[in-house]
Amino acid sequence: MVTTTIPTFGLYGENTDIESPVAVHVEEIATRSRDRDWVIKPHRHRKFHQILCIFDSQLSVQLDDKKHQLEGTGLVTVPKGVVHGFEFKPNSDGVVITFSDHIFQASEGGSATMLPRLFQNSLVLKFSDNDDQMPLLKQYSTLLRQEFSSPYRGKDTVLLSLVNLLLITIARQWEAMSLNSVTPESTNRLLESFKRLVELHYKDHWRVQEYASAINTSTATLNRLCQSQLGTSAKQIILDRLIAEAKRRLIFTQQPLEQIAYHLGFKDAAYFSRLFKKQEGRSPKEYRLAAEDGD
Numbered sequence: 001m002v003t004t005t006i007p008t009f010g011l012y013g014e015n016t017d018i019e020s021p022v023a024v025h026v027e028e029i030a031t032r033s034r035d036r037d038w039v040i041k042p043h044r045h046r047k048f049h050q051i052l053c054i055f056d057s058q059l060s061v062q063l064d065d066k067k068h069q070l071e072g073t074g075l076v077t078v079p080k081g082v083v084h085g086f087e088f089k090p091n092s093d094g095v096v097i098t099f100s101d102h103i104f105q106a107s108e109g110g111s112a113t114m115l116p117r118l119f120q121n122s123l124v125l126k127f128s129d130n131d132d133q134m135p136l137l138k139q140y141s142t143l144l145r146q147e148f149s150s151p152y153r154g155k156d157t158v159l160l161s162l163v164n165l166l167l168i169t170i171a172r173q174w175e176a177m178s179l180n181s182v183t184p185e186s187t188n189r190l191l192e193s194f195k196r197l198v199e200l201h202y203k204d205h206w207r208v209q210e211y212a213s214a215i216n217t218s219t220a221t222l223n224r225l226c227q228s229q230l231g232t233s234a235k236q237i238i239l240d241r242l243i244a245e246a247k248r249r250l251i252f253t254q255q256p257l258e259q260i261a262y263h264l265g266f267k268d269a270a271y272f273s274r275l276f277k278k279q280e281g282r283s284p285k286e287y288r289l290a291a292e293d294g295d
């Protein structure tokens, strides 16, 4: 069957959304994987983020056009919109936590600004026995499993608290692995606002000046912060988001190039192809063929 769209679910294999005031869902890896030969095919969630934790197992994970291997104990964070698929070792022990942005909105204090940054990009983190956060990862995962299936009142409040504790544990592990640098909160807030707007308007082809104006800063300041904190220009961040969506559709669908170009806001498919080749070093057609060949 020809695939013209990327499979999009609330929960994998279901078209309904999570129904809960805080929209938290917790389940064992085996729940959806065992009957599918431990393979979850590439798909994405428009409204929900996910954390997948494995314990003493093996995992092959695809995140957009990248593949990763994880052995032992660790986790994967999957921001909403990211195409992802998993291949588990049979009888893997682990848990999948699915939740909405409400988690971030309900947080208070420093965590309210720290937690959304964890889901700007996917993370693959390994934990070892001598890591300070390892016992907490196991403890919070166990408590989440227990609380999700409990009949007691206040369940949503407890789930919200436990997910926040798990997110803080992830942030600490991330920082311990030197994957995150300490930056002023005002800088973080501005860059987060910029990235949120990019997510909303990358198909509209906003110019850098329009983004800067929308977040009440200058083009020069926005570019300076992007270069110092993200290592690239504001324009390149916008282009990267556009190209990332193009890659998803080239890899995971059989949409014609003209349809992909139109979906991404291009009136001229030839211009889209030239831009893609300039960014990636090969044309969309060449990129799709290479992906099919496993290159």
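FYI, full-length UniProt numbering numbers position 9 of the sequence shown as 9, with every residue one higher than the one before it. Virtual Cβ for every residue (Gly too), placed ideally from N, Cα, C.
Where the beta strand (DSSP E) through residue i begins and ends
i	result
Thr31	It is not in any beta strand (DSSP E) - Thr31 instead sits in the alpha helix (DSSP H) that spans 30-33.
His263	Where His263 is concerned, there is no enclosing beta strand (DSSP E), although the alpha helix (DSSP H) it sits in stretches over 257-263.
Phe127	123-127
Proximal residues to residue i (C-beta, below 8 Å), its chain only, five neighbours per side dropped
i	result
Tyr287	Lys247, Leu250, Phe276, Glu280
Asp268	Ala261
Sequence-distant residues of its chain with Cβ nearer than 6 Å to residue i (five each side left out)
i	result
Ala234	Val208, Leu222, Asn223, Cys226
Asp293	none
Arg117	none
Lys278	none
His263	none
Leu162	Tyr140, Leu143, Leu144
Met134	Phe127
Val198	Ile238, Arg241
Val61	His68, Val76, Phe86
Phe48	Lys80, Thr98, Ser100
Below-8 Å beta-carbon distance, residue i vs any chain C residue
i	result
Phe99	Within the model displayed, chain C is absent; a lone protein chain is all it includes.
Rounded separation between residue i and residue j - CA only
i	j	result
Arg172	Leu257	42 Å
Arg121	Val78	One point to set straight first is that residue 121 is Asn, not Arg, in the sequence displayed. Between Asn121 and Val78, the C-alpha separation is close to 8 Å.
Asp131	Gln146	24 Å
Gln236	Ile170	28 Å
Val124	Leu75	6 Å
Glu27	Leu190	35 Å
Leu144	Pro42	25 Å
Gln255	Ala212	33 Å
Ser273	Ala214	29 Å
Gly109	Gln50	At Gly109, the pLDDT of 49 sits below 50, so the modelled position is not reliable; the number obtained from the coordinates is stated separately. Those two C-alpha atoms are separated by around 23 Å.
Leu167	Arg36	29 Å
Ser57	Leu63	19 Å
Asp156	Leu52	20 Å
Asn180	Ala290	Caution is warranted here: a pLDDT of 49 is assigned to Asn180, below 50, making its placement in the model unreliable, and the coordinate value is therefore given only provisionally. Roughly 33 Å separates the two Cα atoms.
Leu165	Ala270	49 Å
Leu136	Lys89	24 Å
residue 350	His25	Outside the shown range of the chain (1 to 295) lies residue 350, about which nothing can therefore be said.
Asn91	His201	42 Å
Arg153	Ala23	16 Å
Arg44	Ser228	31 Å
Lys66	Glu175	22 Å
Arg282	Ile29	37 Å
Met177	Thr73	15 Å
Arg285	Ile54	The identity of residue 285 in the sequence shown is Lys, whereas the question assumes Arg. Near 36 Å, if we compare the C-alpha coordinates of Ile54 and Lys285.
Trp38	Trp206	42 Å
Asp129	Gln259	49 Å
Gly94	Thr232	36 Å
Residue closest to residue i, alpha-carbon to alpha-carbon, out of the options
i	options	result
Val96	Arg189, Arg32, Phe119	Arg32
Phe266	Thr187, Ala214, Asp204, His102	Asp204
Arg196	Asp156, Arg241, Ser161	Arg241
Thr217	Lys89, Ser186, Phe88	Ser186
Phe119	Gln255, Thr73, Thr98	Thr98
residue 301	Phe55, Leu160, Lys138	No answer is possible for residue 301: the residues shown for the chain start at 1 and end at 295.
Asn188	Val158, Ala220, Leu230, Thr219	Leu230
Ile103	Val158, Ser193, Phe55, Thr232	Val158
N- and C-terminal bounds of the alpha helix (DSSP H) containing residue i
i	result
Val163	155-176
Phe148	134-148
Residues near residue i by beta carbon distance below 7 Å, same chain, minus five either side
i	result
Ile40	Tyr12, Arg32, Ser33, Gly85, Phe86
Val182	At Val182, the pLDDT of 49 sits below 50, so the modelled position is not reliable and the matter cannot be decided from this model.
Ala244	Asp64
Thr219	Val208, Gln209, Ala212
Ser193	Ile215
Glu71	Gln58
Which runs of the alpha helix (DSSP H), 4 residues or longer, sit entirely within the UniProt domain "HTH araC/xylS-type" (192-290)? Secondary structure remark: continuous alpha helix (DSSP H) runs of at least 4 residues inside the UniProt domain "HTH araC/xylS-type" (192-290), in chain order: 208-214, 219-225, 234-252, 257-263, 269-280.
Scan the segment 43-99 and note each continuous beta strand (DSSP E) run of 3 residues or more that stays entirely inside, going in chain order. Runs of the beta strand (DSSP E) lying entirely within the segment 43-99, each at least 3 residues long, are 49-63, 66-78, 84-88, 93-99 in chain order.
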